[in-house]
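Residue numbers (my numbering): 110 to 162.
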């Protein structure tokens, strides 16, 4: 059985942010999990580069 990843719990996303991201992914016609993973990877890259400065 494939276990789904809980982005809200893992990254403490507010429900309204999570729902908005899912709606944007659906509107773009892309896989929601891949879309969220890409956005989170970009966010962490920005966050990490800012903390290194």
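Note that CB positions come from ideal geometry on N, CA and C, so glycine has one too.
Treat the numbers as computed from the prediction; the structure is a model and nothing was measured.
- Annotation: the continuous alpha helix (DSSP H) that includes residue 129 extends over 124-137.
- The straight-line gap separating the alpha-carbon atoms of residue 145 and residue 132 is approximately 11 Å.
- Between residue 148 and residue 130 a beta carbon distance of about 6 Å is seen, short of the 8 Å cut, so the two are scored as contacting.
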